[in-house]
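J.: Residue numbers (this note's numbering), protein chains in the order written: chain X, 1 to 54; chain H, 1001 to 1371. Quick one: the structure is below, questions incoming.
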C-alpha cells in the first residue's frame, strides 16, 4: 500500500510539473502576442503621422 | 407523585441527560474557534460561523443533520456545489496579472504542492487508505474550499477534521511560515530586491482563464470543475463587460456561500465522529503538509535565485501554497524585515495564485490516479 502511494505521489508530482511547465510556456507565448499587438499599434501611429503623402 | 413524574418526563426529553464529555469538549472547541475569530482576528469570516456550527451540532439530541435546514444544506456540500461556487467568487477577486507578468512563479506554485504528495504517503503509512491520504494531503495547500472539495470527492467521512485542519492552518499562516522561511534562507537572499513587474494587457488577462481551463482540462479532466469555476469567475472580472456579475460573485455570492458552507461544515463536526484518534493524526500530518509545502516552495525560490543570478527573492516561494492572500503578505513582511526598500507583494501574489492553480491541479491528478 505504501509503495503504491509512493508511486502515485511521484507520478502525480511529475504530472503537476508537466502541467505547470506547459502553463509557463503558454503564458510566455501570450507575451509574444502582446509584443506583436504593440508593434502593430506603433506601426499604425507611424502611418498616421506620415506626412510624405505616400 | 404526578408532579414528580411529569418533571422526570420533562427531564427525559432535555439534552442534559444525554450530555457527554465528548459534547463538552466539542463545545469548548467551538468556543475556541469563536474566541480566535473575535479576539485574535484569525480568519474571522471562516472560524466564527464554523465555531457556531460546532456548538449547535454538539448540543445533545439536536440531530441537526437529520432534518430541516442543515439536512438540506448538506446536499449542496456533498454535491460539491458550495466549494465550487466559492471558487467562482475567488476567481472574481483574483488578479492573475502578476502571474502572467512573471510566469516562472508558476514553478513555486508547483513546488509548494510537494507537501500534499509527501503527506499522502505518510498518511497511508499511518493506516489511512490512498484516497483518505490524498484528501488529508490536500490540507497542505492551506486552502479551505479546495480541502473541502478534495474531502468530499475522496473521503467524505473525514470532511470535519480535514476542514478543521485546513481552515485552522489557513488562519495560522503568519505564525507557521516565517520560521521556516528564515531557517531556509540567508539574510542576503531575503534582502534581494526584485524588479518591478511589466504591465499586463487586457487581452492577456482575458485569454489566460480560457487557456488555463482548456490546457488543464485537456490533461486532467478531473480538475475541470474547480479550475473552470476559478476561471469563469476571473473571466467575469477581466472581460470588462460583466462588472455586475463579477461584483456579485466576488461579494454577495461568496459571502452567502461562505456562511452556509462554514456553518454546515461546523455542523458535521459532531463529537462522535470528530473526537477520534484519526482526527489528531489528521491535525498533525496536515500541519506537516503545510510546513513541507512552505519549505519546498522556498527551495524552489532559492533555485530561481541561483538560476537568475540573484534576481529572484526566495521568499516569494513560500507564497506558492494556496492560502491567498495571506501567504503573499507573509512573504512581503519577511522581505521588508530583511530590507525595508524591498517590495515583494506583487511577485508573491503571482506565486500565490500559481499555488491556487497548483493545488487544484494536484487534487485533480490525485483523483484521476486514485479513481
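Note that the Cβ used here is the ideal one computed from N, Cα and C, for glycine as well. None of these values were measured; they are calculated from a predicted model.
Is it buried or exposed for residue 1409 of chain H, if we count other Cβ within 10 angstroms and need 16 for buried?
T.: The structure shown does not extend to residue 1409 of chain H, since chain H is modelled only from 1001 to 1371, so the question has no answer here.
J.: Hey, which unbroken runs of the alpha helix (DSSP H) at 4 residues or more fall wholly within the stretch 1032-1087 of chain H?
T.: 1044-1057 and 1068-1078
J.: Which residues in the same chain as residue 1078 of chain H place their Cβ atom closer than 7 Å to its Cβ, once the five residues preceding and following it in sequence are excluded?
T.: In the second chain, the residue the question calls residue 1078 of chain H occupies position 78. Answer for residue 1078 of chain H: 1152 and 1156, listed in chain order.
J.: Can you give the Cα-Cα distance for residue 1278 of chain H and residue 1124 of chain H, rounded to whole angstroms?
T.: Here residue 1278 of chain H is taken as the residue at index 278 of the second chain, counted from 1. Here residue 1124 of chain H is taken as the residue at index 124 of the second chain, counted from 1. In a straight line, the C-alpha of residue 1278 of chain H is about 12 Å away from that of residue 1124 of chain H.
J.: Examine the Cβ distances between the stretch 1303-1321 of chain H and the stretch 1066-1080 of chain H and report whether three or more of them are shorter than 8 Å.
T.: Result no; under three Cβ-Cβ pairs closer than 8 Å.
J.: Could you give the distance in angstroms between the alpha-carbon of residue 1234 of chain H and the alpha-carbon of residue 1088 of chain H?
T.: The residue labelled residue 1234 of chain H in the question sits at position 234 within the second chain. The residue labelled residue 1088 of chain H in the question sits at position 88 within the second chain. Straight-line Cα distance between these residues: approximately 8 Å.
J.: Along chain X, which residues have their Cβ under 7 Å away from the Cβ of residue 1125 of chain H?
T.: In the second chain, the residue the question calls residue 1125 of chain H occupies position 125. Against residue 1125 of chain H, the close residues of chain X are 2, in the order they occur along the chain (beta-carbon pairs closer than 7 Å).
J.: Are there 16 or more other CB atoms within 10 angstroms of the CB of residue 1067 of chain H, so buried, or fewer, so exposed?
T.: By 1-based counting over the second chain, the position of residue 1067 of chain H is 67. It counts as exposed.
J.: Does the beta carbon of residue 44 of chain X sit closer than 8 Å to a beta carbon anywhere in chain H?
T.: The residue labelled residue 44 of chain X in the question sits at position 44 within the first chain. Using a CB distance cut-off of 8 Å, residue 44 of chain X does not count as an interface residue toward chain H.
J.: Would a C-beta distance cut-off of 8 Å place residue 1148 of chain H and residue 1165 of chain H closer than the cut-off?
T.: Translated into positions along the second chain, residue 1148 of chain H becomes position 148. Translated into positions along the second chain, residue 1165 of chain H becomes position 165. No. Outside cutoff.
J.: Can you tell me which of H/1189, H/1213, H/1036 and H/1299 puts its alpha carbon nearest to the alpha carbon of residue 1335 of chain H?
T.: For the purposes of this step, residue 1335 of chain H is taken as residue 335 along the second chain, with counting starting at 1. It is H/1189 whose Cα lies nearest to the Cα of residue 1335 of chain H.
J.: Where do the ends of the alpha helix (DSSP H) carrying residue 1239 of chain H lie?
T.: Taking the first residue of the second chain as 1, we reach residue 1239 of chain H at position 239. Residue 1239 of chain H -> no alpha helix (DSSP H), and no H or E assigned at all.
J.: Against residue 40 of chain X, what residues of chain H qualify as contacts under a CB-to-CB distance less than 8 Å, listed in chain order?
T.: For the purposes of this step, residue 40 of chain X is taken as the residue at position 40 of the first chain. Residues of chain H passing the Cβ test: none, with the nearest at roughly 12 Å.
J.: Check each candidate in H/1312, H/1366 and H/1270 and name the one with the smallest Cα separation from residue 1222 of chain H.
T.: To locate residue 1222 of chain H, count along the second chain from 1; it is residue 222. Out of H/1312, H/1366 and H/1270, H/1366 has the C-alpha closest to the C-alpha of residue 1222 of chain H.
J.: Along the stretch 3-31 of chain X, what residues have a CB closer than 7 Å to any CB found in chain H?
T.: So the close ones are 4, 5, 6, 8, 9, 11, 12, 13, 15, 16, 17, 19, 20, 22, 23, 24, 26, 27, 28 and 30.
J.: Inspect the beta-carbon positions of residue 1173 of chain H and residue 1351 of chain H and report whether they are closer than 8 Å.
T.: The residue you call residue 1173 of chain H lines up with position 173 of the second chain. The residue you call residue 1351 of chain H lines up with position 351 of the second chain. Not in contact: residue 1173 of chain H and residue 1351 of chain H (Cβ atoms no closer than 8 Å).
J.: Closest to residue 1191 of chain H by CA distance: which of H/1344, H/1325, H/1021 and H/1109 is it?
T.: As a working mapping, residue 1191 of chain H is identified with position 191 in the second chain. Closest option to residue 1191 of chain H, Cα to Cα, is H/1344.
J.: Out of H/1032, H/1037, H/1062 and H/1052, state which residue places its alpha-carbon closest to the alpha-carbon of residue 1019 of chain H.
T.: Residue mapping note: residue 1019 of chain H aligns to position 19 of the second chain, counting from 1. Of H/1032, H/1037, H/1062 and H/1052, the residue nearest in Cα terms is H/1062.
J.: Run down chain X in chain order and give the residues with a C-beta less than 7 Å from the C-beta of residue 1204 of chain H.
T.: Start at 1 with the first residue of the second chain, and residue 1204 of chain H comes out as number 204. Here the neighbours are 30 and 34.
J.: Starting from residue 1203 of chain H, trace the alpha helix (DSSP H) in both directions and tell me its first and last residue.
T.: Indexing the second chain from 1 puts residue 1203 of chain H at position 203. Counting along the chain, the alpha helix (DSSP H) containing residue 1203 of chain H begins and ends at 1202-1219.
J.: Give the single residue among X/32, X/25, X/26 and X/10 whose Cα lies nearest to the Cα of residue 1113 of chain H.
T.: Here residue 1113 of chain H refers to the residue found at position 113 of the second chain. Ranked by how close their Cα comes to the Cα of residue 1113 of chain H, the residues X/32, X/25, X/26 and X/10 have X/10 in first place.
J.: Let's test the definition: count the other Cβ atoms within 10 Å of the Cβ of residue 1004 of chain H and tell me whether it reaches 16, buried, or not, exposed.
T.: As a first step, residue 1004 of chain H is located in the second chain; it is residue number 4 there, counting from the start. That one is exposed.
J.: Would you call the CB atoms of residue 1107 of chain H and residue 1346 of chain H closer than 8 Å?
T.: What you label residue 1107 of chain H is simply residue 107 of the second chain in a count that begins at 1. What you label residue 1346 of chain H is simply residue 346 of the second chain in a count that begins at 1. Cβ distance not < 8 Å, so residue 1107 of chain H and residue 1346 of chain H don't count as in contact.
J.: Between the stretch 1088-1097 of chain H and the stretch 1240-1253 of chain H, are three or more C-beta pairs nearer than 8 Å?
T.: yes
J.: With DSSP run on the structure shown, which of helix, strand or coil describes residue 1158 of chain H?
T.: Here residue 1158 of chain H refers to the residue found at position 158 when the second chain is read from its first residue. Correct three-state label for residue 1158 of chain H: helix.
J.: Measuring only the C-alpha atoms, how far is residue 1048 of chain H from residue 1161 of chain H?
T.: For the purposes of this step, residue 1048 of chain H is taken as the residue at position 48 of the second chain. For the purposes of this step, residue 1161 of chain H is taken as the residue at position 161 of the second chain. So the two alpha carbons sit approximately 17 Å from each other.
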